[in-house]
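Enquirer: Our numbering puts the first residue of the sequence shown at 65, with every later residue one more than the last. Every residue, glycine too, gets a C-beta built ideally from N, C-alpha and C.
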Amino acid sequence: MTPLDDDALCAAVARTILDGFDRHYRLFREVSAQAKSRFERGDWEGVRAASVGRIPMYDQRVAEAVSAIAERYPRTTFDLALWPRVKLAFIGLLHEHRQPECAETFYNSVACRVLRRTYYHNDFIFWRPAVSTEHLVGDEPAFRSWYPGARGLRRCIEGILASFRLSNPWANLPRDVRLVLRAIRDYLPPPREIHPNFQIQVLGSLFFRNKAAYLVGRIINGNREIPFVVPILRDERGRLYLDALLLHREDIAQVFSLAHAYFMVDVEVPSATVRFLKQLMPPQPRAELYTLIGLQKQGKTLFYRDLHEHLTHSTDRFVTAPGQRGMVMQVFTLPSFHYVFKVIRDWFAPPKDTDRGRIEAKYLLVKQHDRVGRLADTLEYSDVAFPIDRFDPALIDELSRLCPSSVERDGARLVIKHLYIERRMVPLDLYLAAALRDGDTARVEHGVREYGDAIRELASANIFPGDLLLKNFGVTRHGRVVFYDYDEICYLTECRFRRLPRPRHLDEEMAAEPWFSVGPNDVFPEELPRFVFAAGTVRDLFYAFHRDLTDAAWWQEQQRKITAGVDEQVFPYSASARFPRERPGAPAAWDQQGTVQ
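1) Go ahead and pull the three-state DSSP assignment for residue 634.
2) Do residue 553 and residue 530 come within 9 Å of each other at the CB atom, strictly closer than that value?
3) Nearest-angstrom Cα distance between residue 497 and residue 489?
4) Closest by CA to residue 57, which one among 542, 478, 612, 616?
5) According to DSSP, is residue 526 helix, strand or coil?
6) List, from N- to C-terminal side, the beta strand (DSSP E) runs of 3 residues or more that fit wholly inside the region 535-622.
7) Buried or exposed, going by whether 16 or more other CB atoms sit within 10 Å of the CB of residue 656?
8) From this set, 596, 265, 99, which residue's C-alpha is nearest residue 536's C-alpha?
9) Once DSSP output is grouped into helix, strand and coil, what is the label at residue 531?
10) Below 9 Å between beta carbons: does that hold for residue 548 and residue 440?
11) Let me make sure I understand the geometry here. Which of 261, 608, 395 has the alpha-carbon closest to that of residue 214?
12) How about residue 528 and residue 620: are their beta carbons less than 9 Å apart?
13) Out of 329, 545, 593, which one is the CA nearest neighbour of residue 615?
14) Would you kindly work out how many angstroms separate the C-alpha atoms of residue 94 and residue 486, rounded to a whole number?
15) Return the CA-CA distance between residue 210 and residue 142, expressed in angstroms with no decimal places.
16) For residue 115, which residues of its own chain have a beta-carbon under 6 Å away from its beta-carbon, when the five flanking residues on both sides are left out?
17) From the DSSP output, read off the bridge partner residues of residue 474.
18) In angstroms with no decimal places, state the Cα-to-Cα distance between residue 425 and residue 443.
19) Taking only heavy atoms of the ligand NAP into account, decide whether any of them is closer than 8 Å to the Cβ of residue 384.
20) Taking all protein chains shown into account, do 16 or more other C-beta atoms lie within 10 angstroms of the C-beta of residue 124, making it buried, or fewer, making it exposed?
21) Quick one: which unbroken alpha helix (DSSP H) runs of 4-plus residues sit fully inside the region 367-449? Chain order, please.
22) Could you name each continuous alpha helix (DSSP H) segment of 4 residues or more that falls completely within the region 81-167, going from the start of the chain to the end?
23) Pick helix, strand or coil for residue 202, following the three-state DSSP scheme.
24) At what residues does the alpha helix (DSSP H) containing residue 340 begin and finish?
What follows is the structure in structure tokens.
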């Protein structure tokens with residue numbers, strides 16, 4: 065074979081990388097588009113399998129592209145001078161591409177595997193995007209506009225629902241439409257003036273997750289924009305019904321929280337979908353929105369860029385995160401940046417009995433599992449370079465002493481070879497201590513109630529946190545309690561929940577150590593309140609709200625349901641937002657003069 069000249073070689077490598085990405089995105093769209101059929105059939109096992117199977121697809125395609133380049137073009141693995149030209153050739157291939165930002169990220173992933181540490185150079189990778197996605201559109205628009213003024217709001221809603229062509233029959237569509245109309249009327253105070261631009265904009269694909277499909281859109285009327293989400297569920301006979309009209313930002317934020325599994329949504333132009341979502345939820349970073357629709361690698365790319373931009377415009381230093389020190393992770397944060405960075409220690413003091421491999425497996429379990437809104441999502445990175453002068457010297461000393469295999473100095477950079485990143489939360493123990501100190505009874509009650517609810521909902525998803533200490537739970541900016549320490553997490557069905565044996569005589573009652581045998585997976589729920597709470601108000605509240613969690617029988621019943629295949633649905637929005645299944649009364653109607661009657 066005649067050797068390729070440099071230009072041809074660089075063009076061939078660029079084409080190989082883009083072909084790898086195009087294959088990845090084709091397969092990604094296929095598995096995402098099949099979510100509609102899985103929902104229609106009620107194939108919940110298929111839903112879980114697809115969610116787990118989609119996560120490693122990206123790395124598999126990257127590995128294929130790296131292997132192809134090494135086999136076909138071995139010179140590029142050591143001749144670094146070629147890569148700026150490969151990058152230019154790749155940019156030329158992105159004209160009219162529908163996912164250029166994701167293709168650039170895929171290029172970075174491939175190039176970093178080939179180039180090792182040299183990827184710090186912007187000449188070799190896309191440190192910043194080279195192709196704008198600002199006005200990118202696909203064959204079909206990302207959203208469609210509906211105009212109730214022309215046909216009436218009722219018929220408009222019916223048309224929107226029909227446009228998604230779900231094959232299942234509706235249990236009672238007129239009832240559901242009446243409930244939507246009433247919810248709109250209740251949300252909009254009079255006078256309800258209609259402006260000439262009155263319209264409803266709806267994203268062209270439903271968002272599928274677990275047992276629900278979500279219709280996402282916004283109402284535009286004059287200068288006002290009202291985001292909304294409509295959960296669509298199936299009843300026991302497979303018929304469809306609308307479960308709610310979510311109009312409050314708190315409920316919408318819960319639906320789009322990364323503490324849940326990622327959505328399955330078929331998008332041709334992801335930037336257009338993310339742009340629409342960003343308009344609905346301005347505080348949500350674009351990095352999280354890409355992650356929510358299953359494009360985690362693009363989310364990681366944007367997060368990394370956001371971090372470095374923040375470092376450019378800030379002056380504070382990374383410091384050890386507040387709260388009690390963990391025994392497995394070294395956790396640090398940048399006070400002005402709302403995330404924490406977690407590095408696995410090289411050794412663990414007793415009584416911890418684990419290793420790096422098992423800890424990484426726990427984090428992977430959480431990534432692949434349904435998080436039911438109660439497990440923090442993590443971004444996992446390798447070889448992350450930070451400016452060393454932005455670290456508090458005491459933190460550098462701690463990292464070097466406790467995590468030496470994960471930390472390396474590279475000139476003016478501190479390179480962390482492996483770390484996890486999570487949104488920063490207020491540790492629940494600090495939250496409750498502050499509420500008690502302030503005499504804020506409502507906040508104390510909220511924290512204790514949320515703590516027990518988090519444990520319940522995790523149990524319904526076959527998750528047992530393992531270490532139930534308050535310091536391992538955090539309070540989000542929306543007031544939700546979320547678990548974030550995964551080194552002892554396990555499946556609920558792996559545990560053996562037992563009642564404490566009663567002592568038979570005084571010697572057993574006074575023994576300093578348990579006088580009965582305790583297996584490695586044994587759990588004694590009766591000990592939970594005494595283990596977690598000091599005697600007093602907080603413990604009393606826990607008994608008042610969650611006494612059943614101290615009974616082994618409750619946990620055993622949860623295990624029985626899981627083993628029997630009883631899948632309890634956890635709703636990612638408040639119970640008060642849900643429609644009653646039957647509700648008498650006259651509907652609201654939008655007349656042709658533009659007022660709600």
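Expert: Quick look at the numbers:
1) Within the sequence shown, residue 634 is the residue found at index 570, counting from 1. Here residue 634 sits in coil by DSSP.
2) Here residue 530 corresponds to residue number 466 of the sequence shown, with the count starting at 1. Here residue 553 corresponds to residue number 489 of the sequence shown, with the count starting at 1. For residue 530 and residue 553, yes; Cβs fall inside 9 Å.
3) For this step, residue 497 is matched to residue 433 along the sequence shown. For this step, residue 489 is matched to residue 425 along the sequence shown. In a straight line, the C-alpha of residue 497 is about 15 Å away from that of residue 489.
4) In the structure as shown, the chain starts at 65 and stops at 661, and residue 57 therefore has no counterpart that could be examined.
5) By one-based count along the sequence shown, residue 526 stands at place 462. In the structure shown, residue 526 sits in coil (DSSP, three-state: anything other than H, G, I, E or B).
6) 537-539, 545-547
7) Sequence index remark: in the sequence shown, residue 656 carries index 592 (1-based). Any reading at residue 656 needs caution, since the residue's pLDDT is 33, under 50, leaving its predicted position unreliable; the model's value is listed next. Flag for residue 656 reads exposed.
8) As a position in the sequence shown, residue 536 is number 472, starting the count at 1. Ranking the options by Cα distance to residue 536, first place goes to 596.
9) By 1-based counting over the sequence shown, the position of residue 531 is 467. The answer is coil: DSSP assigns residue 531 none of H, G, I, E or B.
10) The sequence position of residue 548 within the sequence shown is 484, counting from 1. The sequence position of residue 440 within the sequence shown is 376, counting from 1. Contact flag set, yes.
11) On the sequence shown, residue 214 is found 150 positions in, with the first residue counted as 1. Checking every option, the nearest Cα to that of residue 214 belongs to 261.
12) By 1-based counting over the sequence shown, the position of residue 528 is 464. By 1-based counting over the sequence shown, the position of residue 620 is 556. No.
13) Locating residue 615 in the sequence shown gives position 551, where the first residue counts as 1. Closest by alpha carbon: 593.
14) Working through the sequence shown from its first residue, we reach residue 94 at position 30. Working through the sequence shown from its first residue, we reach residue 486 at position 422. Cα-Cα distance, rounded: 30 Å.
15) Position 146 of the sequence shown, counted from the first residue, corresponds to residue 210. Position 78 of the sequence shown, counted from the first residue, corresponds to residue 142. The straight-line gap from Cα to Cα measures roughly 56 Å.
16) As a first step, residue 115 must be located in the sequence shown, where it is residue number 51. 325, listed in sequence order.
17) Translated into positions along the sequence shown, residue 474 becomes position 410. Bridge partners of residue 474: 477.
18) Numbered from 1 along the sequence shown, position 361 holds the residue referred to as residue 425. Numbered from 1 along the sequence shown, position 379 holds the residue referred to as residue 443. Rounded to whole angstroms, residue 425 to residue 443 spans 14 Å at the Cα level.
19) The ligand content of the structure shown is nil, which means the ligand NAP is not present either.
20) Residue 124 sits at position 60 when you count from the first residue of the sequence shown. Exposed.
21) 420-432
22) 99-105, 108-118, 121-136, 147-157
23) The residue given as residue 202 occupies position 138 in the sequence shown. Residue 202: coil per DSSP, three-state reduction.
24) Residue numbering aside, residue 340 sits at position 276 when the sequence shown is read from its first letter. Its alpha helix (DSSP H) spans residues 334-344.
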